[in-house]
Structure formats: structure tokens, C-alpha cells
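Taking it in order: structure first as C-alpha cells, then the write-up.
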Ligand code: GLA
């Protein structure tokens, strides 16, 4: 599809959501906002260890259409959750009080108020073209779309970096998922044609050119169809082990390991593995960013492969379909592949020469067929722009 066709389809989607808002609430919306999901190119489970990550934003994401109301109530509807709306008085917002998907938008309103920004009552409709649980940050896309909507509706000026923190706080403190800062940063700060090199200790962020097509390459995103929620506890468990390892080494965080020999000082073999992953993964992120800046993207394939091996063997968060997909793409000639996201389910990425793309996809399909698994789903992964307003008040009123 051409760029124009994609843009035209997106504009029709935003207008359709604004019309749905009007049908739902009987008034025109104050605007529409879009926030993308992300693919993490490399740097897994490094963000909450104060380390480095290198995600990029997808063209897919979440649309929030919102309008102010004057009764101090928030009313929320999602296309992905048919059957009426959630109605929540603003004053009743409290961590843990709201079940299900509504906790994410409600949590953003709560976190914004907790940070001292006024939030009036609002109505909201949400739609998304991101698969949930695929390791592509559908939760962060939802938080960031709502966060932008609320800042604009309430006339709140704040730097994007503050909105990143507010969205993360909604997820950590209101929903109760102890995730790091990567996903919200990617959704709000990424630029088209670039990945985002983020130092999660200092919050220093740099756009690094990332254009696989320009190098004759494809970055395949393969949704394995296996689902595991971050709320399941495995994620929190890994985070706890990393904190334990850092304490045992007398360090503020595993980011502060400066030499691999330090890892062997840990008496517990499990903690040694966790620490080794974090140390080596941080190095791989920096090397990958260096290769991207040098225009040597194809050499990053080996780093992706090493990242997967480390996540499988040391961090132990890959799953059978991810390992099978990585083996299949490698046998079919990919430059490298790895699981992406929190782990235990979701997606795999593979860097392939554009001419090999069809063969690599066919190899993954064939492997899943042999195993008797549901066919994998392939998603387009063009490095895209971060969150933005997509319909003004007057454009929303015309729908
Ligand atoms: C999830 C979390 C992120 C990050 C990744 C693993 O996506 O939300 O903060 O920890 O897992 O890299």
C-alpha cells in the first residue's frame, strides 16, 4: 500500500471513531489522539535495571476520542470490549479499585491528578489495531493516547517526558503492573524512520536512524499467538531476582556491573544467570545502536541472535513457539531473530534480506504447521512516529 493510501485509511478510521463517540454520547468530541505500539529491537528486561533499550514505534496503535463533561464523571467505551460503558466518578479513583481494561485510562486520570494537574470529567471511546498480549505494548499505547487526550482537553502544558512518567505511574501504581519505562517512552518519544536509544537511568533519549527497507532488509514481526499477561507474576518475579542480584553485589542496580567477572561473585547460580543477561544485553544494545549509526544494520543480526540465546538460557523467559520461530528463521537464512517484549508469549522479530522475506515467512508457517500450532501472524513493522493528536476539535465536530 502507498503512503497516501495508508494515511487515507488512518484518517477514515479516526473519523469513524469520532462518529462513534457522537453516537455513544450524543455530543461532538473534543478531538482524537493516536498512540502507537512498539517493537523492542533489542534491550529486554534492561529498563527496570537502569539500563539501555532500543525500541521503535509501530504504525499500529490505539485511538482515543475524548470530550470534556461537567459532572466529574468519566465514562469509557472500548471497541475491543463490546457491551456498554464503564462509568466512574472521578473522586472514586483509587489504586486497585477498577478491574479490567478501564483501569488503564482511569489510572492515567488518577496519575495526572496525583501529579497536581487538574482533570475534569470526560467521555472516551477507544479503538485499537494492535493485537493484545502480543508483546507490542498495547497497554502503553492505551495509556499514552489517553494521556495526550487529557492534557489537551484540560489545557495542561507538560513536556512529553513528564507524560511518560505519568503513564508509567498509571500502570505501576493504579493497575499494579511493575513494568519499566520503555514502552511509554517509545510510544510518546519515537520518530518515524528511527529507533529510540534510551538510557533508563538518566532518561537521556536519542533518535537513531533505523530504516531496514533503505538497507535492502525487512524486519519481520511474527506474532506467535501465545498469550501471557504481564500481570501473571513471572515478570515481577524476574524483576525481583534482578533487584536481589544487585543487592548481593552491593550495587544500586545491575546497570552498574562494569565487568562480566563481577557476575561470578554471586553465589546463587540462578541470580548469576539473570545478572549475566542484563550485563550482556546492555552491551548488545549499545553495539546495535553503534551499528545503526554506522549504517551497518545487517551486522546487527548476530546481536539479535545472541539476545535471544541470552533470554532463553540465562533469563529463561522465551517460550517454545518463540524458540521454534527463531530456529526456523535462522535455518531459512535470516540474519538474526529474537523474542521481543516481556516474554512468556507474544512476538518474535527477524532481520532478513528483503529478497529472502517470503522464504523466511514460509519456513515459520511450515514449522508451526508441523508442530500443530495455530498459524503465526506477520505484522508490518515500519519504524513510525510517536503519539500525536489526529483530529482537532473542529474536525471531530464535522464527523
Ligand atoms: C514489558 C515492560 C517493559 C520492559 C519489557 C521487557 O514490555 O512493560 O517495561 O521491561 O517488558 O524488556
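Residue numbers (our numbering): 70 to 468. Glycine is no exception: its CB is placed at the ideal position from the N, C-alpha and C atoms.
According to DSSP, residues forming a beta bridge with residue i
i: residue 339; result: DSSP lists no partner for residue 339.
i: residue 292; result: 416 and 446
i: residue 278; result: 263
i: residue 143; result: 157 and 191
i: residue 408; result: 417
i: residue 428; result: In DSSP, residue 428 forms no bridge with anything.
i: residue 103; result: 132 and 457
i: residue 125; result: 108
i: residue 268; result: 121
i: residue 287; result: 421
i: residue 392; result: Partner(s): none; residue 392 has no beta bridge.
i: residue 197; result: 131
i: residue 150; result: 147
i: residue 16; result: Given that the chain is displayed from residue 70 to residue 468, the structure contains no residue 16 and the question cannot be resolved.
Closest residue to residue i among the options (Cα-Cα distance)
i: residue 133; options: 203, 167, 382 and 191; result: 191
i: residue 369; options: 225, 420 and 176; result: 420
i: residue 209; options: 181, 173 and 229; result: 173
i: residue 286; options: 76, 405 and 166; result: 405
i: residue 270; options: 297, 115, 463 and 293; result: 115
i: residue 247; options: 331, 131 and 302; result: 302
i: residue 288; options: 222, 407 and 138; result: 407
i: residue 353; options: 341, 309, 266 and 321; result: 266
i: residue 402; options: 184, 183 and 371; result: 371
i: residue 324; options: 284, 155 and 268; result: 268
i: residue 361; options: 120, 125, 95 and 222; result: 125
i: residue 253; options: 226, 122 and 278; result: 122
i: residue 176; options: 340, 242, 194 and 450; result: 242
i: residue 235; options: 221, 217, 274 and 224; result: 217
i: residue 385; options: 411, 212, 400 and 238; result: 411
i: residue 144; options: 290, 171, 127 and 207; result: 171
i: residue 120; options: 250, 305 and 413; result: 250
i: residue 373; options: 339, 399, 307 and 226; result: 399
i: residue 212; options: 200, 244 and 349; result: 244
i: residue 165; options: 154, 153, 179 and 152; result: 179
i: residue 279; options: 359, 169, 463 and 459; result: 359
i: residue 347; options: 428, 336, 307 and 367; result: 307
i: residue 457; options: 221, 292, 355 and 339; result: 221
i: residue 96; options: 194, 152, 74 and 431; result: 194
i: residue 314; options: 305, 75 and 334; result: 334
i: residue 224; options: 181, 200 and 206; result: 181
i: residue 414; options: 349, 355 and 200; result: 200
i: residue 409; options: 103, 77 and 380; result: 380
i: residue 128; options: 149, 163, 76 and 331; result: 76
i: residue 226; options: 237, 255, 184 and 261; result: 184
i: residue 433; options: 79, 151 and 293; result: 293
i: residue 219; options: 102, 111, 152 and 255; result: 102
i: residue 290; options: 341, 204 and 237; result: 204
Between the CA atoms of residue j and residue i - distance to the nearest angstrom
i: residue 92; j: residue 257; result: 29 Å
i: residue 365; j: residue 387; result: 27 Å
i: residue 282; j: residue 423; result: 8 Å
i: residue 472; j: residue 202; result: Residue coverage of the chain in this structure runs from 70 to 468, which leaves residue 472 outside it and unanswerable.
i: residue 319; j: residue 99; result: 51 Å
i: residue 263; j: residue 454; result: 9 Å
i: residue 141; j: residue 189; result: 6 Å
i: residue 197; j: residue 397; result: 30 Å
i: residue 113; j: residue 382; result: 14 Å
i: residue 357; j: residue 277; result: 10 Å
i: residue 377; j: residue 390; result: 13 Å
i: residue 167; j: residue 146; result: 14 Å
i: residue 259; j: residue 329; result: 31 Å
i: residue 445; j: residue 343; result: 29 Å
i: residue 130; j: residue 395; result: 25 Å
i: residue 316; j: residue 337; result: 13 Å
i: residue 345; j: residue 451; result: 31 Å
i: residue 435; j: residue 392; result: 15 Å
i: residue 186; j: residue 274; result: 25 Å
i: residue 417; j: residue 239; result: 27 Å
i: residue 79; j: residue 428; result: 30 Å
i: residue 118; j: residue 339; result: 17 Å
Cutoff 8 Å: residue i Cβ touching any chain D Cβ
i: residue 312; result: This model lacks chain D altogether, as it is built from one protein chain only.
Subject >> Three or more C-beta pairs below 8 Å linking the region 102-110 and the region 151-165 >> reply: By the C-beta criterion, the region 102-110 is judged not to be in contact with the region 151-165, since fewer than 3 inter-stretch pairs fall below 8 Å.
Original post:
For the 8 Å Cβ check, are there 3 or more pairs between the region 129-145 and the region 228-236?
Top reply: Too few Cβ pairs lie closer than 8 Å, so no.
**OP:** Decide if the region 435-446 is in contact with the region 79-94; the criterion is three or more beta carbon pairs, one per stretch, under 8 Å apart.
**Re:** Flag = no, the region 435-446 and the region 79-94 do not touch.
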